[in-house]
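By the working numbering, the letter at position 33 of the sequence shown is numbered 876, and the numbering carries on one by one without gaps.
Notes follow once the structure below has been shown.
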Amino acid sequence: MVASFSSPPGGLDSHGYIRFRHTPCYTAYLVLSNIGFAVLYFNLAQLLQPFEEQANKIKTLRRILNIG
844 MVASFSSPPG GLDSHGYIRF RHTPCYTAYL VLSNIGFAVL YFNLAQLLQP FEEQANKIKT
904 LRRILNIG
């Protein structure tokens, strides 16, 4: 069985619990999935900024580039 971010390593047992829950592989899966969620949430927050705020940032960057 191939482990991926959508299915935990070891799969599920007959009761629906994750097998091999206390192994380094599961710990790595858990850490990476939490980091992935945090990165996705941060990117979504950046994309959903108000348009005026984004426009002001772009104007500021253009001024800095023109001065430099």
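C-beta: ideal position from N, C-alpha, C; glycine also.
The structure presented is a predicted model; accordingly, all values stated were derived computationally and were not measured.
Quiz item: With a Cβ-Cβ cutoff of 8 angstroms, do Arg-862 and Leu-873 count as a contact?
Solution: No; because the gap between Cβ atoms is not below 8 angstroms, this pair is not in contact.
Practice problem: Would you please verify whether the beta carbon of Gly-854 is less than 8 angstroms from any beta carbon of chain D? | Solution: Judged by its chain identifiers, the structure shown contains no chain D, having just a single protein chain.
Self-check item: Span separating the alpha-carbon of Leu-883 from that of Leu-891
Solution: 12 angstroms
Quiz item: Taking the alpha-carbon positions, what's the Ala-898 to Arg-905 distance?
Solution: 11 angstroms
Self-check item: Three-state secondary structure assigned by DSSP to Leu-908
Solution: helix
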